[in-house]
Structure formats: C-alpha cells, structure tokens
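Trainee:
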Amino acid sequence: MPQQRKSMHGEWSSRWAFILAATGSAVGLGNIWKFPYITGENGGGAFVLVYLACIAIVGIPIMMAEVMLGRRGRHSPINTMRLLAQESGRSPAWQLLGWGGVLAGFIILSFYSVIAGWALAYVLEAASGAFVGGEADRIGALFGGLLGNPVTLISWHTIFMAMTVFVVARGVEKGLERAVRVLMPALFALLLLLVGYAMNSGYFTDGLAFLFKPDFSKISAEGVLIALGHAFFTLSLGMGAIMVYGAYLPQKASIATTTVTIAAADTLVALLAGMAIFPIVFANGLEPGAGPGLIFQTLPIAFGQMPGGLLFGTLFFVLLSFAAWTSGISLLEPAVAWLVENRGLSRVVATVGCGGIIWLLGLASALSFNIWSDFTLFGKTIFDNLDFLASNIMLPLGGLLIALFAAWLLPRAISHDELAMREEGTYALWLFMVRYITPVGVSLVFLNAIGLI
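In the numbering used here, the protein residues as written are 33 to 485.
1. Is it the case that the Cβ atoms of residue 95 and residue 281 are separated by a distance below 8 Å?
2. Use the C-beta contact count for residue 61: other C-beta atoms within 10 angstroms, 16 or more gives buried, fewer gives exposed.
3. When you compare only the Cα positions, how much space is there between residue 359 and residue 241?
4. Classify residue 444 as buried or exposed, calling it buried when 16 or more other Cβ atoms lie within 10 Å of its own Cβ.
5. Cutting at 6 Å between CB atoms, please list the residues of its own chain near residue 179, excluding the five before and the five after it.
6. How is residue 284 classed by DSSP in three states: helix, strand or coil?
7. Return helix, strand or coil for residue 412, following the three-state DSSP convention.
8. Just how far apart, CA to CA, sit residue 391 and residue 142?
9. Could you spell out the range, first to last residue, of the alpha helix (DSSP H) harbouring residue 118?
10. Rounded to the nearest angstrom, how far is the Cβ of residue 63 from that of residue 305, given a contact under 8 Å?
11. Quick one, which of 202, 125, 441 and 409 has its alpha-carbon nearest residue 41's?
12. Where does the unbroken alpha helix (DSSP H) through residue 173 begin, and where does it stop?
13. Assign residue 440 to one of two classes, buried (16 or more other C-beta atoms within 10 Å of its C-beta) or exposed (fewer than that).
14. Would the segment 46 to 58 and the segment 283 to 300 be scored as touching if the rule is three or more Cβ pairs under 8 Å?
15. State yes or no: is the C-beta of residue 393 within less than 8 Å of the C-beta of residue 287?
16. Contact between the segment 248 to 264 and the segment 68 to 87 is defined here as three or more beta-carbon pairs at a separation below 8 Å; is this criterion met?
17. Would DSSP call residue 333 helix, strand or coil?
18. Express the C-alpha separation of residue 243 and residue 77 in angstroms, rounding to a whole number.
19. Could you tell me the boundaries of the alpha helix (DSSP H) in which residue 450 lies?
20. What number of angstroms, rounded off, separates the C-alpha of residue 116 from the C-alpha of residue 154?
21. Please go through the same chain and pick out, in chain order, the residues whose beta-carbon is closer than 6 Å to the beta-carbon of residue 131, but skip the five residues on each side of it.
22. Taking the alpha-carbon positions, what's the residue 431 to residue 167 distance?
23. Counting beta carbon pairs with one atom in the segment 171 to 190 and one in the segment 328 to 336, are three or more of them shorter than 8 Å?
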C-alpha cells in the first residue's frame, strides 16, 4: 500500500463535521422544493416507499464509492482520479471523470444560484407581508414579476454567489465546517418549527396519511423512474462535491456508517418538508400535486391565509435559502480545490475567480426568464438546456462511471482497505450492489432522462 496521502486543503475536525457538511451538500432545494411536489404528483405514500428503496439500492452504494475514492485520493476530483488510475494501473483518461464532475458542479451552480435567489427574494416578500390575504392571481403575478425583472433576478443571483464565495474562500475548517455547523442545526430547527406549525393546522393527520399511507394503484413505471432519479440526484452524486468532501474525511472515520447517516438525514429532511407542507396545503384546499409552482406560488397563498402565516412563511423561505446555501458551497469547492492544487493560486483568489465565472454563466440563466426567453435551442431556454445537460446527462454518467471504476477497476485490496468494514459479508454486499445492481439503476435514470425509455 502507498504511504497515506494527506489533503493540502485540511481535514474535517471530526466524523460529525463531515456528516454535517455532506448532509448540507445533499440537502438542498431538491428536498424542500422538488420532493414534496413529485410526491404529490405521484400519489404520496407508495411513492415514498419506492423512493426509500431507491435510496438504499442506488444512492447509498454510489455515495460510499464516491467518498471512498475521495478519501483515497485526498485531492480535487480531477487529481484524485488521476492518482487512483495510476495507482490501479488504469488509463490516465479516467481523470476525465473528475473533470466531468467539476464541470457539472460548475454548470449546476450557475443556474442553481438563480433559483436560490428566488428563495432569498421570497424571504423579504414574506417578511413584508406581501402574501397576506393574497389570492392566486396576485401571488402568481408576484412570482411572474420576479422572473420578468432581469435586474431583480441578477441582483439576487449576485447576492447568493457572494454568500457562497465568502464561505468557500475561508477554507475547509474556517469556512465550510464553521458554516455547516451553524446552518445545518438551524435548518433542522426551522424545519421542526414548521412541522409544529403544521400540526396546528387541523389537517396534520391528512398530511401524514397522504405522505405515509401507500396506495400502490397510483404507482406507475414512470413514477418508479422518477423516484430512482430523485434518489440519485438528492445525494449530490456525480458532481464532484461528495468526492472532494470525502478527501477531507479523517482516516479513522467509517465510510459506511457516515454514508448511511447522511442518506438518513437527507431523507429525514425531505420527509419533514412533506410533513410541514402538505397539512398547510390541505388546510387551504390547495392541490398537493401542483408541480414546481408548489413552493413559490401555492404555499404563499396558504401562508397568506393562515394565522401566523407572515412569521412562518418568512421562516420557511429562510429555511429554503439555508438549504440552497449549503449545497452551493459544495458545488463550488471541487473547482476551487483543483485551482489551488494545480495553479498555485491562493484559496481566496481561486474562489473569487471561480465564483466570478459561475456568476457570468448564471446571467444567461437569469436572462432566459425574461429578455432572452424567446431564444431557444432544441426547443429549450438557456436555463432549461443547462439543467438538462447537467442533471440528465452529466450526473448520471458520472455516477455510472464512479460505480464502474470503484467496483471493477480499482483493486479490491484498495476498496477493502478504505471501507474497512468489520463484517466481510457487508463488504461483499456493497461490492455486489455497486457492480451489478446500482449501474442498472443509474442506466435506467439516464435512459429515462434522455427519453429512450
């Protein structure tokens, strides 16, 4: 075995610091925005059960593989894959897997920052009482006005990117770790507070029944594929974030235990978000399957009609902003780590440079909602094309290649040594899953995303 590598960027101070950071990466707009509405669209409880099975079958095995590769390499994803390919006697072309992840994170953050800006804008709207007594037409006009104003969208996009750059520029321990130690407990506290609020809506049992009582007649093949796709995307797999966070994981920490804990925390946030949202939706006679507009158009109507809605509506969008912020931090880190390692830049210069380029790319997404809305390619706006490219092509391919490299090309002695599982049967189960089962699941996600199934 080679001498144990060390990361030049530092290390998480403890296993729990890594769990908080990786959970922060995984917990994002997808948990609080997307999960509730896709659950609503696909019938509730049965979809949740399928989703949980997909987390176990697809999400956890690949996440373990990605963390393992990161900790073994102790570098940015690009350099990690170069080193591991060399160590394994494989083609140096495998570093392209690292490049793909970094590029995917770059692209995602450019449009993710624009959506996160919506959440920041809605914090002020909710706090100012803009939702109070609001009817559907007025709330719809409010959201339409936000999207239609390029100056406003760009301003919020700029603020979010500045927040993200500020944290990443401070480094692993002083920046990333300090931020997640504050933001993640605050996120959970806000979420529990909102669940408590929903318990007093008079429709909490209706929300629980919708979320947890399975009706398998409502499950379709398409619903299973949606659950499979979301299980993969919600854990931030295939975009370099988990690999670079794994590079900072202390050697003594158990990869299996921490990965399961992260997946459980991520799933818990999604379920708590559903428990907070659906009772409020039912209490106001709204539609749980309202689609992407559930958070920015449907819920504001509910908050505007309910007692305490001004306070709790504000807290909800603060929660959404926190979730976006922790994810944004992890998306920026892989590119910054590579610049520091390969170009000799200081972390501050590397972070500001990367953040500036991502900000510029994000302008195209912001303008695609207004000034450039008529400009389309393949029938999609710039925003939709970037989303499709990263989410539907780059991430599934990245996840598939991570599984194939970790299970088939990395010597078993290395994966066995890094995972250090106490029970030999547990390692054998992981290896079987990541060799045979997980690649099939990710391939189905990819084929469904590009419309071939």
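We put the beta carbon where it would ideally sit given N, CA and C, even for glycine.
Computed from a predicted model, the values in this text were never measured in an experiment.
Mentor: Based on what the coordinates show:
1. Locating residue 95 in the sequence shown gives position 63, counting from the first residue. Locating residue 281 in the sequence shown gives position 249, counting from the first residue. The answer is no: Cβ separation not under 8 Å.
2. In the sequence shown, the residue the question calls residue 61 occupies position 29. Counting Cβ neighbours within 10 Å, residue 61 comes out buried, since at least 16 surround it.
3. Within the sequence shown, the letter at position 327 stands for residue 359. Within the sequence shown, the letter at position 209 stands for residue 241. So the alpha carbons of these two residues sit roughly 30 Å apart.
4. The residue you call residue 444 lines up with position 412 of the sequence shown. So residue 444 ends up on the exposed side.
5. Position 147 of the sequence shown holds residue 179. 401, listed in sequence order.
6. As a first step, residue 284 is located in the sequence shown; it is residue number 252 there, counting from the start. DSSP places residue 284 in coil when its eight states are reduced to three.
7. One-based indexing of the sequence shown puts residue 412 at position 380. DSSP places residue 412 in strand when its eight states are reduced to three.
8. Translated into the one-based positions of the sequence shown, residue 391 becomes position 359. Translated into the one-based positions of the sequence shown, residue 142 becomes position 110. Answer to the nearest angstrom: the Cα atoms are 6 Å apart.
9. Walking along the sequence shown from the start, residue 118 turns up at place 86. First-last of the alpha helix (DSSP H) with residue 118: 109 to 120.
10. Stepping through the sequence shown from its first residue, residue 63 is reached at position 31. Stepping through the sequence shown from its first residue, residue 305 is reached at position 273. Right, the Cβ-Cβ distance comes to about 6 Å (below 8 Å), so this counts as a contact.
11. The residue labelled residue 41 in the question sits at position 9 within the sequence shown. Nearest option by C-alpha distance: 202.
12. In the sequence shown, residue 173 corresponds to position 141, counting from 1. Residue 173 -> alpha helix (DSSP H) spans 168 to 180.
13. Position 408 of the sequence shown holds residue 440. That one is exposed.
14. yes
15. Taking the first residue of the sequence shown as position 1, residue 393 is located at position 361. Taking the first residue of the sequence shown as position 1, residue 287 is located at position 255. Going by C-beta atoms, residue 393 is not nearer than 8 Å to residue 287.
16. yes
17. Working through the sequence shown from its first residue, we reach residue 333 at position 301. Note: residue 333 maps to helix in three-state DSSP.
18. Reading the sequence shown from its first residue, position 45 is the one you call residue 77. Reading the sequence shown from its first residue, position 211 is the one you call residue 243. Whole-angstrom Cα-Cα distance: 5 Å.
19. The residue given as residue 450 occupies position 418 in the sequence shown. Where residue 450 is concerned, the enclosing alpha helix (DSSP H) stretches over 444 to 451.
20. In the sequence shown, the residue the question calls residue 116 occupies position 84. In the sequence shown, the residue the question calls residue 154 occupies position 122. For residue 116 and residue 154, the distance between alpha carbons rounds to 45 Å.
21. The residue you call residue 131 lines up with position 99 of the sequence shown. Cβ neighbours of residue 131 beyond the five flanking positions: 110.
22. Reading the sequence shown from its first residue, position 399 is the one you call residue 431. Reading the sequence shown from its first residue, position 135 is the one you call residue 167. Spanning the alpha carbons of residue 431 and residue 167 requires a straight line of approximately 43 Å.
23. yes
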